[in-house]
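Chains as they are written, first to last, in our numbering: chain A, 421 to 603; chain B, 11 to 378. One structure is given here, and the rest of the page talks about it.
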Amino acid sequence: MPEIPSIRRRMLQVDFFTHAHRLSTQVNVHGQPLSDHLNDSRVSWIELESAYISRIERPGEIIADYTLSALQKQHIAFAMISGSTEGAIKKVAYTSGFYAKKLHQVFAATGSFEITGHIELMGKFDLHTLIIASTERFIPILNATATISLFPTTHFSAGMILINKDALEVFCIEEKGQLAPEG
Amino acid sequence: MARILVIDDDLDLLQMMQLMLQRGGHEAIVTGDGADGIAKAQQFHPEVAIVDLMMPGMNGFQVVHKLRENPATADISIMILTARAQPVDRDAALAAKADTYMAKPVSPSELLLAVKELLVKHSQATLPPNLVLTVFSLRGGVGTTTVAVNLALALQQASRQVCLVDLCMKSGHVAAQMRLKAQVTWAELLPQVGNLSLDGLKQVLLRHDSGVWVLPSPFLPTPPPPGEAVVRSLGLLKPGFGATIADLGAFGDVGRAALAVSDLILTVLSPEVASLQTSAATLRTLKALNVPDHKIMLVVNNVAPRFSLSTAAIEKALGRTLCANLPYDEAQAQALSQGSPLMISQPDSPLAEGVRQLIQVMSPARAC
Numbered sequence: 421m422p423e424i425p426s427i428r429r430r431m432l433q434v435d436f437f438t439h440a441h442r443l444s445t446q447v448n449v450h451g452q453p454l455s456d457h458l459n460d461s462r463v464s465w466i467e468l469e470s471a472y473i474s475r476i477e478r479p480g481e482i483i484a485d486y487t488l489s490a491l492q493k494q495h496i497a498f499a500m501i502s503g504s505t506e507g508a509i510k511k512v513a514y515t516s517g518f519y520a521k522k523l524h525q526v527f528a529a530t531g532s533f534e535i536t537g538h539i540e541l542m543g544k545f546d547l548h549t550l551i552i553a554s555t556e557r558f559i560p561i562l563n564a565t566a567t568i569s570l571f572p573t574t575h576f577s578a579g580m581i582l583i584n585k586d587a588l589e590v591f592c593i594e595e596k597g598q599l600a601p602e603g
Numbered sequence: 011m012a013r014i015l016v017i018d019d020d021l022d023l024l025q026m027m028q029l030m031l032q033r034g035g036h037e038a039i040v041t042g043d044g045a046d047g048i049a050k051a052q053q054f055h056p057e058v059a060i061v062d063l064m065m066p067g068m069n070g071f072q073v074v075h076k077l078r079e080n081p082a083t084a085d086i087s088i089m090i091l092t093a094r095a096q097p098v099d100r101d102a103a104l105a106a107k108a109d110t111y112m113a114k115p116v117s118p119s120e121l122l123l124a125v126k127e128l129l130v131k132h133s134q135a136t137l138p139p140n141l142v143l144t145v146f147s148l149r150g151g152v153g154t155t156t157v158a159v160n161l162a163l164a165l166q167q168a169s170r171q172v173c174l175v176d177l178c179m180k181s182g183h184v185a186a187q188m189r190l191k192a193q194v195t196w197a198e199l200l201p202q203v204g205n206l207s208l209d210g211l212k213q214v215l216l217r218h219d220s221g222v223w224v225l226p227s228p229f230l231p232t233p234p235p236p237g238e239a240v241v242r243s244l245g246l247l248k249p250g251f252g253a254t255i256a257d258l259g260a261f262g263d264v265g266r267a268a269l270a271v272s273d274l275i276l277t278v279l280s281p282e283v284a285s286l287q288t289s290a291a292t293l294r295t296l297k298a299l300n301v302p303d304h305k306i307m308l309v310v311n312n313v314a315p316r317f318s319l320s321t322a323a324i325e326k327a328l329g330r331t332l333c334a335n336l337p338y339d340e341a342q343a344q345a346l347s348q349g350s351p352l353m354i355s356q357p358d359s360p361l362a363e364g365v366r367q368l369i370q371v372m373s374p375a376r377a378c
């Protein structure tokens with residue numbers, strides 16, 4: 421028998437992290453990937469359903485829960501996708517040769533978190549385009565681990581984290597990447 | 011079959027879990043609300059409660075707290091099943107006094123196995139904290155060692171520290187079944203047991219990968235130790251382990267000594283006339299030794315797939331109820347040859363399941 425699938429196909433289970441809180445919630449992605457919602461510069465807020473809130477220094481304890489919430493995007497440090505990442509970002513068809521996807525190891529630091537993982541890039545590597553020129557505010561980091569800087573024994577891991585460029589203080593990347601697996 | 015309460019506000023998931031648990035042979039009571047879940051726990055006294063964390067109104071932590079603070083529901087085994095899948099969430103769940111934690115999504119087989127392990131823990135919670143258990147038969151070839159080994163592993167998996175003592179006088183098979191190489195055996199230890207401490211004894215015991223400690227028997231036939239040395243050694247081991255299991259190969263002084271200090275005595279027989287005859291003699295012998303009836307548990311071990319006596323026939327012949335009927339398992343032959351007990355190599359096998367069910371009926375207060 422297969423695993424229990426998510427019945428609510430347009431709802432994505434996401435943990436949003438601000439500098440002080442963790443919000444476990446569901447986002448109705450309305451048929452668009454989560455990254456599109458987050459990168460939509462016309463809208464400053466994102467609406468959440470069934471938010472369960474924890475303080476960052478005790479991230480396992482639930483201090484409050486609400487059916488409806490709104491989160492200001494500029495205060496999101498990163499969004500962690502729990503479980504399946506389907507619906508998180510747009511999928512790009514695999515291409516080969518010059519446009520082959522490569523995985524580059526990254527390290528990023530926001531005010532409260534250190535994040536490691538891999539970023540998937542296509543074509544020629546260009547840090548300027550990635551960080552400065554690109555209009556996309558949230559960068560997907562794959563196979564990511566986030567550590568609370570003040571409590572380095574506390575980690576969060578996920579298949580994908582969408583990190584807010586506006587929250588970044590430091591961004592480091594390995595120039596040489598490895599070919600990404602097909603798919 | 012167990013009664014399992016599921017509390018989750020995701021009604022679709024709730025329905026699926028109810029189906030899965032019913033297919034696993036359990037009775038499932040479901041609710042989408044924490045407060046109603048607490049009321050149902052008081053009303054139905056389930057053995058296990060599966061609780062979601064993120065629920066509106068009353069979250070899973072609050073539900074667990076309420077269940078634990080009420081004496082009527084405090085002993086329910088609780089599994090937290092949640093989409094919050096980080097290590098901190100596991101720590102928080104266990105700190106809130108849940109028994110176990112699983113992250114969603116979970117497959118039916120994972121869920122049912124976790125429930126099985128919880129049921130074993132739940133049932134063996136009624137056993138004394140430091141149990142001495144003897145497994146024996148007056149007739150060889152009925153799988154006594156197989157029962158003892160798999161029972162030891164099942165109790166160890168249920169978080170009870172176990173020591174398995176092979177008291178067979180003629181080349182016992184505990185070490186072989188567990189693929190352990192005997193170095194120090196009871197032949198070397200028992201003569202000096204009066205000078206040993208528990209820590210000293212532990213330094214020479216074998217330790218299986220599962221965590222079970224083993225005192226093996228000598229390879230060559232050895233004169234039996236005096237009964238008082240057996241009593242002293244089991245008495246030394248008892249406070250140090252949640253369960254000390256003696257695989258008793260024969261009777262005599264050693265057997266009488268082990269039986270005298272045992273909290274439970276599993277008498278193993280196979281469903282055939284000769285074994286039945288031996289078991290009847292065994293029961294008469296135990297009665298003559300003034301072994302209390304409530305300590306004795308009859309366990310049928312089907313060592314072959316051939317036609318065998320029915321449970322009803324055995325019970326009628328012996329005048330008492332069977333506590334367990336372990337099914338024939340064709341995988342056991344391979345387990346023996348590879349030194350890999352089924353409780354580890356095939357935890358879903360019929361024999362492993364039978365042993366877990368045996369634990370569920372083991373209790374000094376629940377005489378079979």
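From the three backbone atoms N, C-alpha and C, an ideal C-beta is built for every residue, glycine too.
Beta carbon of residue i nearer than 8 Å to that of residue j
i, j, result
"VAL203 of chain B", "SER243 of chain B", "yes"
"ALA93 of chain B", "GLN433 of chain A", "yes"
"LEU435 of chain B", "THR292 of chain B", "Any question about residue 435 of chain B goes unanswered here, given that chain B covers just 11 to 378."
"ASP227 of chain B", "GLY182 of chain B", "The sequence given here has Ser at residue 227 of chain B, not Asp. In contact: SER227 of chain B and GLY182 of chain B (Cβ atoms closer than 8 Å)."
"THR83 of chain B", "LEU258 of chain B", "no"
"ILE306 of chain B", "ILE275 of chain B", "yes"
"ILE39 of chain B", "VAL73 of chain B", "no"
"SER532 of chain A", "SER569 of chain A", "yes"
"ILE86 of chain B", "PRO56 of chain B", "yes"
"VAL142 of chain B", "VAL271 of chain B", "yes"
"PHE591 of chain A", "ALA528 of chain A", "yes"
"LEU163 of chain B", "ILE354 of chain B", "yes"
"ASP22 of chain B", "GLY42 of chain B", "no"
"ASP339 of chain B", "LEU352 of chain B", "yes"
"GLU481 of chain A", "ALA102 of chain B", "yes"
"MET30 of chain B", "PRO118 of chain B", "yes"
"LEU247 of chain B", "LEU279 of chain B", "no"
"PHE558 of chain A", "LEU458 of chain A", "yes"
"GLY44 of chain B", "MET27 of chain B", "no"
For residue j and residue i, the rounded distance between their alpha carbons
i, j, result
"LEU368 of chain B", "LEU588 of chain A", "58 Å"
"GLU499 of chain A", "ALA508 of chain A", "The amino acid at residue 499 of chain A is misidentified as Glu; the sequence shows Ala. The alpha-carbon atoms of ALA499 of chain A and ALA508 of chain A are separated by roughly 10 Å."
"MET542 of chain A", "PHE436 of chain A", "27 Å"
"ALA51 of chain B", "LEU77 of chain B", "8 Å"
"VAL240 of chain B", "GLN193 of chain B", "19 Å"
"VAL116 of chain B", "ASN140 of chain B", "34 Å"
"GLY503 of chain A", "LYS511 of chain A", "17 Å"
"ILE483 of chain A", "ILE581 of chain A", "24 Å"
"PHE261 of chain B", "SER289 of chain B", "13 Å"
"LYS191 of chain B", "SER285 of chain B", "31 Å"
"LEU15 of chain B", "ARG170 of chain B", "25 Å"
"THR195 of chain B", "VAL157 of chain B", "21 Å"
"GLU383 of chain B", "VAL365 of chain B", "Residue 383 of chain B lies beyond the stretch modelled for chain B, which goes from 11 to 378, so this question has no answer here."
"GLY10 of chain B", "ARG217 of chain B", "No answer is possible for residue 10 of chain B: it lies beyond the span of chain B, which begins at 11 and ends at 378."
"MET11 of chain B", "GLU37 of chain B", "7 Å"
"LYS326 of chain B", "VAL283 of chain B", "13 Å"
"THR232 of chain B", "LYS107 of chain B", "49 Å"
"ILE561 of chain A", "THR536 of chain A", "8 Å"
"LYS131 of chain B", "GLY70 of chain B", "21 Å"
Cβ neighbour criterion (16 or more within 10 Å) applied to residue i
i, result
"GLU477 of chain A", "exposed"
"THR438 of chain A", "buried"
"PRO601 of chain A", "exposed"
"MET179 of chain B", "buried"
"GLU363 of chain B", "buried"
"GLY210 of chain B", "exposed"
"SER554 of chain A", "exposed"
"VAL175 of chain B", "buried"
"ALA298 of chain B", "exposed"
"HIS450 of chain A", "exposed"
Presumed contact (8 Å Cβ cut-off) between residue i and residue j, rounded CB distance
i, j, result
"GLN598 of chain A", "LYS522 of chain A", "6 Å"
"ALA490 of chain A", "LEU454 of chain A", "ALA490 of chain A to LEU454 of chain A, Cβ: 15 Å. No contact."
"LEU122 of chain B", "GLY34 of chain B", "4 Å"
"SER470 of chain A", "LYS493 of chain A", "That pair is no contact at about 19 Å."
Legend entry - Contacting positions in the region 559 to 580 of chain A - beta carbon closer than 8 Å to chain B: Flagged, chain order: THR574, HIS575, PHE576, SER577.
Inset, instruction - Give, in chain order, every residue of the region 45 to 63 of chain B whose Cβ lies closer than 9 Å to some Cβ of chain A. - result: Answer in chain order: LEU63.
Inset, instruction - For the region 70 to 104 of chain B, enumerate the residues whose C-beta is nearer than 7 Å to any C-beta of chain A, in chain order. - result: Here the close residues are PHE71, ALA93, ARG94, ALA95, GLN96, PRO97, VAL98, ASP99, ASP101, ALA102.
Inset, instruction - Residues of the region 447 to 459 of chain A with a CB closer than 8 Å to any CB of chain B: list them in chain order, please. - result: Legend: CB atoms of the region 447 to 459 of chain A lying less than 8 Å from CB atoms of chain B are not found in any residue.
Legend entry - Members of the region 114 to 129 of chain B near chain E, C-beta cut-off 8 Å: Included in the structure are the protein chains A and B, with no chain E among them.
Inset, instruction - Using a Cβ-Cβ cut-off of less than 8 Å, list which residues of the region 217 to 247 of chain B approach chain A; keep chain order. - result: In summary, no residue of the region 217 to 247 of chain B has a CB separated from any CB of chain A by less than 8 Å.
Inset, instruction - May I ask you to list, following chain order, the residues of the region 353 to 365 of chain B that have a beta carbon less than 8 Å from some beta carbon of chain A? - result: Residues of the region 353 to 365 of chain B that bring their beta carbon within less than 8 Å of a beta carbon in chain A are absent altogether.
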